[in-house]
Amino acid sequence: MIMKPLLRSLVPAEIRGTALLNGEKPFRAKQLIDWLYRHEALDWAEMSNLPAALRHKLAEDFDLTGLRPDVRQVSRDGTRKFLFRLRDAETVESVIIPMKDHPTFCISSQVGCAMACGFCATARGGLKRQLTAGEIVEQVLRLNRDLRAEPYPHLGGRLFNVVFMGMGEPLDNWTNVHQALKILMDDAGLAMSRRRIQISTSGPAEGLRALLQDHPGVGLTLSLGGSNDTDRRRIMPVPGRTPVTGAVDLAAQYARRNGRRATLAWVLIADKTDRPEQARELVALARRGPFKVNLIPLNPLDDGRLEPASDQGVLAFQKILTDAGVPAFIRASGGRDIAAACGQLRRRRRNGS
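Right, dumping it as structure tokens:
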């Protein structure tokens, strides 16, 4: 399917320079950019102060939206899960997570994923395609519209954070993720602070180096899967994956340049990743740089292959880390009652359940 480019795939400077604005007064570019990011317009007709002829020219060459809401679910804990249908009928997930002092938007970077992580529903279907920068940015806009329409009472009008922790490996779609980050942080775009954005990655070396070069202030979470290469390959069986110490060392380099800790994410799976010797190996990895560790009890899939570690096992694992001086936090998995873990809702819809 041939699709027109999304106008929101362009950074504001590119919009100002587009040939479609040739002959227009300079203030038209600002009006257009304001409609895209301040007013979050979803229809050309909303852009009431732009001449109809200009809107027609823009609509001939660009699509304004690339996502259509398909499913919205709300968990008992306040987590909101969205399934968006794309122009080619593929689907992606996004989530709003109500944290203690701010909402967090969890967004996708790919349709599917090639990383084959055994604990992730997204990986079961493989990689379908990359999301464009506009499709990534539009997730943020649509979640923000939903939040403004129905704010969390305890959070009021708090600023939101964005985490690239949904479907896909963001560093394997770096061209589009890099462009989306520029739009999110542009003063004329969403004007987000880089400190409110987090990239979660399995750690491909080339992508980590690109992140270090292009966006050193963005937060980083490295998903480990195993404390050594043998264990990691069992959970994340992708050929050619960066060795675990290599990924950790690149993340440490990034954290030092960033001036704040990076996060090592560890999914706790019963009889797979909850053993004391793995905790001790994780201590050694965490000491290679300025890291904290997030311990994430598995949000199980509906196929029964893997089960979360017991509460006792989670606490025992954490104690080994904290006794060794490693900051380690247990991160609760929200939205269990609405299949909020990465890829679960999409997988259930595709399977007709």
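Residues in the sequence shown are numbered from 1211 upward in steps of one, following the numbering used here.
For each residue, glycine too, the CB sits at the ideal point set by N, CA and C.
All values derive from a computational prediction rather than experimental measurement.
Drop a sphere of 10 angstroms on the beta-carbon of F1374, count the other beta-carbons inside from all chains shown, and report buried for 16 or more, exposed for fewer. buried
Exercise. So, do the segment 1347-1363 and the segment 1300-1316 have three or more beta carbon pairs nearer to each other than 8 angstroms?
Worked result: yes
Worksheet item: What runs of the alpha helix (DSSP H), each 4 residues or longer, lie entirely inside the segment 1346-1431?
Response: 1384-1395 and 1415-1424
> Three or more C-beta pairs closer than 8 angstroms, one from the segment 1365-1385 and one from the segment 1398-1408: is that the case here?
Replying inline: yes
Using a 10 Å radius around the Cβ and a threshold of 16 neighbouring Cβ atoms, would you call G1429 buried or exposed?
buried
- Message: Quick check on E1270: does DSSP put it in helix, strand or coil?
- Response: helix
- Item | L1422 to R1406 span [Cα, whole Å] | 17 angstroms
### Query
Cα separation between A1324 and N1383?
11 angstroms
Q1283 bridges to which residues according to DSSP?
K1291
Taking T1289 and L1252 to be in contact with their CB atoms under 8 angstroms, please state how far apart those CB atoms are, rounded to whole angstroms.
Incorrect: roughly 24 angstroms between the Cβ atoms, too far for contact.
- Query: Just to confirm, are P1363 and D1271 a CB contact at a threshold of 9 angstroms?
  - Reply: no
What three-state label does DSSP hand S1304 in the structure shown?
strand
Taking its Cβ as the centre, do 16 or more other Cβ atoms sit within 10 Å of N1259, making it buried, or is it exposed?
exposed
For W1476, which beta-bridge partners are listed by DSSP?
L1505
**Message:** R1265 and L1246 - do their beta-carbons sit closer together than 9 angstroms?
**Reply:** no
D1298 to G1335 span [Cα, whole Å]:
17 angstroms
Distance check for S1410 and Q1488, CA to CA, integer angstroms please. 21 angstroms
How would you write the range of the beta strand (DSSP E) that T1314 sits in, first residue to last?
P1313 to C1316
>> Among the candidates L1474, Q1241 and I1530, whose CA atom is the shortest distance from the CA of P1261?
In response: Q1241
query = Under a three-way DSSP split, which group does A1324 fall into?
reply = coil
Q. Three-state secondary structure (DSSP) at F1539?
A. strand
So the candidates are G1417, R1451 and G1233; which of them puts its Cα closest to the Cα of A1263? G1233
Look at the alpha carbon of D1521 and the alpha carbon of R1485, and state the distance between them as a whole number of angstroms. 13 angstroms
Local conformation of K1338 per DSSP, three classes: strand
Problem - Per-residue DSSP class, three states only, for S1258 - result: coil
So the candidates are P1380, A1343, R1490 and G1427; which of them puts its Cα closest to the Cα of R1466?
G1427
query = With a Cβ-Cβ cutoff of 9 angstroms, do R1443 and R1451 count as a contact?
reply = yes
Original post:
Going straight from the alpha carbon of E1434 to that of I1346, what length do you get?
Top reply: A small correction: the amino acid at residue 1434 is Leu; Glu does not occupy that position in the sequence shown. So the alpha carbons of these two residues sit roughly 24 angstroms apart.
Starting from D1244, follow the alpha helix (DSSP H) in both directions and report where the run begins and ends.
F1237 to Y1247
With C-beta atoms as the reference, is G1376 less than 9 angstroms away from E1303?
yes
Review point. Exposed or buried, F1527, counting other C-beta atoms within 10 Å across all chains shown (16 or more means buried)?
Key: buried
| task | Assign I1479 to one of two classes, buried (16 or more other C-beta atoms within 10 Å of its C-beta) or exposed (fewer than that). | result | buried
- Item | Exposure of M1309, with buried meaning 16 or more beta-carbon neighbours within 10 Å | exposed
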